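The listed protein sequences correspond, in order, to chains A and B.
For what it's worth, the numbering used here labels the leading residue of the first sequence as 164, then goes sequentially.
For what it's worth, the numbering used here labels the leading residue of the second sequence as 6, then goes sequentially.
The C-beta atom is built at its ideal place from N, Cα and C for all residues, glycine as well.
Predicted, not measured: the structure shown is a model, and the values here were computed from it.
Presented below is the structure to which this report refers.
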Amino acid sequence: MNALDLDGLLTFWGRRWDDILELVLQHLAVVALSLLIATVVGVLIGILVWNRPVPRSLTIAAAGVALTIPSLALLALITPVFGLGWTPTVLSLVFYSLLPIVRNTVVGLREVSPAIMESAKGMGMSPAKILFAVQLPMAWPIILTGVRVAAQLTIGIAAIAAYVAGPGLGQFIFQGLSSLGSKNALNFALTGTLGVVLLALVVDGAFVLISRSTTSRGLRV
Amino acid sequence: MSESTATGITAIAQHTSGVEIVLDQVVKVYPGQQAPAVEDFSMTVAPGELVMFVGPSGCGKTTTMKMINRIIEPSSGSISIGGRDVLSLDPNELRRHIGYVIQQIGLFPHMTIAENIATVPKLLGWSKPRIAERVDELLETVQLDPGTFANRYPKQLSGGQQQRVGVARALAADPPVMLMDEPFGATDPITREKLQAEFLRLQESIGKTIIFVTHDFDEAIRLGDRIAVLSDRSRIEQFDTPANILAEPANDYVASFIGHGAALKRLALVPVVEATLGAAVGTSGAPTIELAGNLRDALDVLVLTGLPAVDVVDEHGRAVGSLSVDRISAVLGAELPGRTAGSRAGAR
Chain A
164 MNALDLDGLL TFWGRRWDDI LELVLQHLAV VALSLLIATV VGVLIGILVW
214 NRPVPRSLTI AAAGVALTIP SLALLALITP VFGLGWTPTV LSLVFYSLLP
264 IVRNTVVGLR EVSPAIMESA KGMGMSPAKI LFAVQLPMAW PIILTGVRVA
314 AQLTIGIAAI AAYVAGPGLG QFIFQGLSSL GSKNALNFAL TGTLGVVLLA
364 LVVDGAFVLI SRSTTSRGLR V
Chain B
6 MSESTATGIT AIAQHTSGVE IVLDQVVKVY PGQQAPAVED FSMTVAPGEL
56 VMFVGPSGCG KTTTMKMINR IIEPSSGSIS IGGRDVLSLD PNELRRHIGY
106 VIQQIGLFPH MTIAENIATV PKLLGWSKPR IAERVDELLE TVQLDPGTFA
156 NRYPKQLSGG QQQRVGVARA LAADPPVMLM DEPFGATDPI TREKLQAEFL
206 RLQESIGKTI IFVTHDFDEA IRLGDRIAVL SDRSRIEQFD TPANILAEPA
256 NDYVASFIGH GAALKRLALV PVVEATLGAA VGTSGAPTIE LAGNLRDALD
306 VLVLTGLPAV DVVDEHGRAV GSLSVDRISA VLGAELPGRT AGSRAGAR
């Protein structure tokens with residue numbers, strides 16, 4: 164096992180800067196794409212089940228159970244059907260994102276107080292109008308928190324997706340693990356891991372900004 | 006049916022001052038419950054009248070009111086507004102022409118005050134300039150400065166201010182009918198009294214037909230043209246003017262609702278001008294009674310001073326006569342329907 168060699172690491176970064184940047188962008192892209200799909204699907208599911216007790220409980224329970232499936236196992240299971248690369252990666256990331264997004268959508272929609280629902284109805288707003296003009300805007304900060312949790316979750320899981328030739332920083336981590344003992348093994352693994360952590364921090368910060376700029380001032384004051 | 010719906014809405018929407026509301030044998034039975042929540046409720050509310058529903062919680066008064074805008078669907082019976090059967094109209098269209106104020110107000114927290122008030126006009130497809138003009142007008146009506154408040158959010162307002170916005174929002178499309186469910190119930194006593202006074206002044210100028218639900222009998226006396234005292238299953242125990250209910254409660258139930266001090270509550274309803282004044286006493290420096298006040302305030306002055314008679318002064322401070330406890334009692338006696346108008350007792 165090589166000891167940590169800071170000079171070596173810096174040289175490694177200097178020489179592989181292009182590769183690192185590309186992997187970071189790939190990582191970011193696959194997470195963003197997955198979150199986008201998961202948000203659309205998750206909010207839709209939330210809209211469909213929030214007011215129906217049995218489907219609501221079933222959906223939340225199913226999503227909870229789904230989250231306990233180890234990501235490595237899931238990836239192994241879906242590659243025979245979907246092949247390698249981006250497809251199984253995006254699919255699995257969407258899969259893991261759904262729980263927090265669906266759950267927070269349901270919570271957010273249900274949290275609108277009965278008084279607000281009644282006054283909306285009493286003014287002659289249709290259920291669809293109430294959903295889009297009142298409930299969703301009011302639930303938005305809560306839904307966005309769900310997406311933020313999903314982002315943290317999927318940035319980590321995306322690293323594992325290199326196992327099925329997925330894009331992103333996981334490639335460095337796996338390359339390091341598979342070449343243990345070689346000169347650059349530790350540099351590969353360390354760069355991949357640090358990249359994932361940094362990316363997670365940056366994305367989390369970005370969500371704070373997104374949340375602030377897309378939430379009504381009336382819900383923040 | 007669709008044609009009658011369209012004309013029905015237009016017929017209701019044409020009116021901006023009050024129209025008649027008729028409830029005929031309205032029943033509400035909730036599924037799975039033996040006893041009806043509202044049983045055979047019939048009532049006619051005259052155009053521009055402010056009718057108070059008073060009763061203990063759970064008596065069905067709110068349920069009865071909410072059937073008028075079909076927040077709750079009646080099980081049977083008929084309800085009409087301005088001669089139109091509301092049960093044949095599209096509920097959402099109907100509700101856009103009925104002002105609705107609830108105790109919790111239910112302002113939309115993510116919208117500004119202006120956007121909140123604009124809700125119904127927007128649903129009705131008004132033009133932007135017309136909406137903006139109406140919002141300013143309404144904010145002034147409820148005594149909130151448009152420049153200060155239009156772009157604020159509900160959370161930035163006090164409870165009393167929020168309730169004013171609630172009333173403004175209900176009035177936005179100038180509906181002929183207003184339904185109010187304990188609108189001032191959650192405010193502190195001082196704010197409530199202020200809101201009540203403002204509301205009375207407002208109603209004087211707009212003349213809507215209003216159904217106002219409360220469990221506070223004093224509020225009912227203060228605001229109502231007529232009061233319906235309701236007991237279980239929304240049964241009408243008495244439906245009459247505040248003065249008549251105080252003077253002659255129909256039964257023990259109504260009497261118990263009035264509570265103690267019925268005579269004092271009645272005095273608050275009678276202006277000083279209704280009393281037969283005696284000759285002015287003319288004691289200089291003694292407290293006086295204002296001609297514009299009510300007899301309860303007058304009695305207050307009498308009790309406080311301990312004098313047998315106190316001068317009544319007009320707005321210029323000139324003594325126009327005097328009042329004594331005897332003369333105040335005489336007004337109450339004369340007001341008793343049994344003594345002056347024997348026909349009333351028979352009519353009930």
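- By the criterion of at least three beta-carbon pairs nearer than 8 Å, the segment 292-303 of chain A is in contact with the segment 267-274 of chain A.
- By the Cβ test, the segment 26-44 of chain B is in contact with the segment 61-71 of chain B, since at least three Cβ pairs between them sit closer than 8 Å.
- Classified as exposed, B/P61 has fewer than 16 neighbouring CB atoms from the shown chains inside 10 Å of its CB.
- Within 10 angstroms of the beta-carbon of B/K71 lie 16 or more other beta-carbons, which makes it buried.
- Nearest in C-alpha terms to B/G266, of all of B/L282, B/D223 and B/T49, is B/D223.
- Taking the Cα positions, A/N350 is about 10 Å away from A/Q338.
- In terms of Cβ geometry, A/G246 and A/G329 do not form a close pair [threshold 9 Å].
- Counting C-beta pairs with one atom in each stretch, the segment 114-121 of chain B and the segment 187-204 of chain B have fewer than three that are closer than 8 Å, which means they do not touch.
- The secondary-structure analysis by DSSP pairs B/D319 with nothing; it has no beta-bridge partner.
- For the alpha helix (DSSP H) assignment, the uninterrupted runs of no fewer than 4 residues enclosed by the segment 252-310 of chain A are, from N- to C-terminal side, 277-285 and 290-293.
- Taking 9 Å as the cut-off, the Cβ atoms of B/V106 and B/A191 do not count as close.
- A residue is called buried when at least 16 other Cβ atoms come within 10 angstroms of its Cβ; B/S239 meets this threshold and is buried.
- Comparing alpha-carbon positions, the option among B/D179, B/S47 and B/L304 lying closest to B/V140 turns out to be B/D179.
- With fewer than 16 other CB atoms across the displayed protein chains lying within 10 angstroms of its CB, A/F295 is exposed.
- Secondary structure note for B/Q30: its beta strand (DSSP E) is the uninterrupted segment I26 to K33.
- Assignment of B/E242 by DSSP, reduced to helix, strand and coil, places it in the strand class.
- Taken atom to atom, the span from the alpha-carbon of B/T49 to that of B/Q168 is near 28 Å.
- Interface criterion not met: the Cβ of B/Y35 is under 9 Å from no Cβ in chain A.
- Within the DSSP bridge table, the entry for B/A233 names B/F58 and B/F244 as partners.
- Spanning the alpha carbons of B/P276 and B/P254 requires a straight line of approximately 21 Å.
- In the structure shown, B/G326 falls within a strand segment according to DSSP collapsed to helix, strand and coil.
- Residue environment: A/S276 is assigned as exposed (fewer than 16 neighbouring CB atoms within 10 Å of its CB, all protein chains considered).
- Under DSSP, B/Y258 shares a beta bridge with no residue.
- For B/A314, DSSP records a beta bridge to B/S329.
- Within the segment 72-90 of chain B, the residues whose Cβ lies closer than 9 Å to any Cβ of chain A are, in chain order, N74 and I76.
- Close partners of B/V125 in chain A (Cβ separation under 8 Å): M286 and G287.
- Annotation: the continuous beta strand (DSSP E) that includes B/M48 extends over V43 to V50.
- In terms of beta-carbon proximity, A/S379 lines the interface with chain B, with at least one pair separated by less than 9 Å.
- At least one CB of chain B lies nearer than 9 Å to the CB of A/L382.
- By the CB criterion at 9 Å, B/D245 and B/R231 fall inside the cutoff.
- Within chain A, the residues placing a beta-carbon under 8 Å from that of B/L128 are M286, G287, M288 and K292, ordered along the chain.
- Going by beta carbons, A/L362 and A/V187 fall inside the 9 Å limit.
- Neighbours of B/E98 across chain A, judged by C-beta separation under 8 Å: G287.
- Assignment of beta-bridge partners to B/E253 by DSSP yields no partner.
- Taking a Cβ-Cβ cut-off of 7 Å, the neighbours of B/H115 in chain A comprise P300, M301, S379, G381 and L382, given in sequence order.
- Under the Cβ distance rule, A/S282 counts among the residues neighbouring chain B, one pair being separated by less than 9 Å.
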